[in-house]
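In this note's numbering, the protein residues as written are 306 to 555.
Even glycine gets a Cβ: it sits at the ideal position worked out from N, Cα and C.
In this text, all values refer to a predicted model and were calculated from it rather than measured experimentally.
1. Whole-angstrom Cβ separation of residue 411 and residue 392, contact assumed at under 8 Å?
2. For residue 401, which of helix, strand or coil comes out of DSSP?
3. Between which two residues does the beta strand (DSSP E) containing residue 445 stretch?
4. Taking residue 462 and residue 441 to be in contact with their CB atoms under 8 Å, please state how far apart those CB atoms are, rounded to whole angstroms.
5. Go ahead and label residue 371 buried or exposed: buried means 16 or more other beta carbons lie within 10 angstroms of its beta carbon, across all protein chains shown.
6. Skipping 5 residues on each side, what residues in its chain have a beta carbon closer than 7 Å to that of residue 366?
7. Run through DSSP, which three-state label would residue 410 get?
8. When you compare only the Cα positions, how much space is there between residue 484 and residue 386?
9. Considering residue 520, what are the terminal residues of the beta strand (DSSP E) in which it resides?
10. On the three-state DSSP scale, how would you describe residue 394?
11. When the Cα of residue 511 is compared with those of 409, 381 and 350, which residue comes out closest?
12. Nearest to residue 466 by CA position, among 544, 529, 356 and 450, is which residue?
13. Contact check, residue 525 vs residue 469 under 8 Å by CB: the rounded distance?
14. In chain order, what residues of the same chain have a beta carbon less than 7 Å from the beta carbon of residue 344, not counting five sequence neighbours either side?
15. By alpha-carbon positions, which one of 537, 435, 443 and 406 ends up nearest to residue 414?
16. Taking its Cβ as the centre, do 16 or more other Cβ atoms sit within 10 Å of residue 327, making it buried, or is it exposed?
17. Sorted by chain position, which residues of the same chain lie with C-beta nearer than 6 Å to residue 474's C-beta, five sequence neighbours on each side aside?
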């Protein structure tokens with residue numbers, strides 16, 4: 306004897322549900338819409354995260370560069386601190402710099418180092434190499450050069466550098482120290498020159514000036530992909546004999 310399944314369902318108290326084809330299609334469509342929306346917002350989140358990482362990387366690299374140069378550039382020494390080892394000049398066209406870019410050669414106080422020859426006064430060179438990297442090369446002071454190979458330390462400060470330029474501020478006469486020398490200035494037996502521009506910025510600096518500028522401005526042009534950016538870093542040189550007096554006015 307066969308018992309109807311509907312009758313058994315009623316006896317058991319359980320109701321049997323069934324879905325029509327239209328309901329299934331509607332459910333699949335809704336699921337597809339939800340999945341598409343979720344995937345769209347996920348893509349947006351991933352792209353936004355990538356953009357944030359790029360911005361953070363740029364900001365971090367710039368802050369790191371500023372911090373590193375702040376520990377180096379203001380420690381450039383004048384002839385008074387290192388007469389025999391004083392160097393502060395710009396140059397062009399050599400074997401290690403990127404074509405068309407200048408370099409800055411300067412003596413600075415590196416402080417204490419585990420290697421004695423790299424302690425205190427050393428000779429530094431700031432330049433862009435042929436791979437587009439801003440580099441700092443450091444060698445011992447010339448007075449400590451021996452007969453063997455010259456030891457050198459190289460540090461990469463920034464990548465993707467297209468160009469670099471330096472500007473040196475030479476204060477006007479009225480803003481300088483009132484102590485004026487009447488006799489020629491001499492350094493290592495050479496009569497020193499005066500900078501051509503007074504009260505403005507020079508694009509080049511000669512060692513024959515025998516002094517430090519009051520301010521140094523470094524302009525960098527970076528390029529990554531199709532995006533180009535310009536960065537300007539400015540530093541005061543405390544050991545400069547150039548005294549800038551700011552007029553309060555009134």
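The relevant details are as follows:
1. With 8 Å as the limit, residue 411 and residue 392 qualify as a contact, their Cβ atoms being about 6 Å apart.
2. coil
3. 439 to 445
4. 6 Å
5. exposed
6. 463
7. strand
8. Bear in mind that the predicted position of residue 484 carries a pLDDT of just 44, short of 50, making it too unreliable to give a figure here.
9. 520 to 529
10. Strand, per DSSP.
11. 409
12. 529
13. 6 Å
14. none
15. 443
16. exposed
17. Excluding five sequence positions before and after residue 474, the CB atoms of its chain that fall closer than 6 Å to its own CB belong to 506, 518, 519 and 520, given in chain order.
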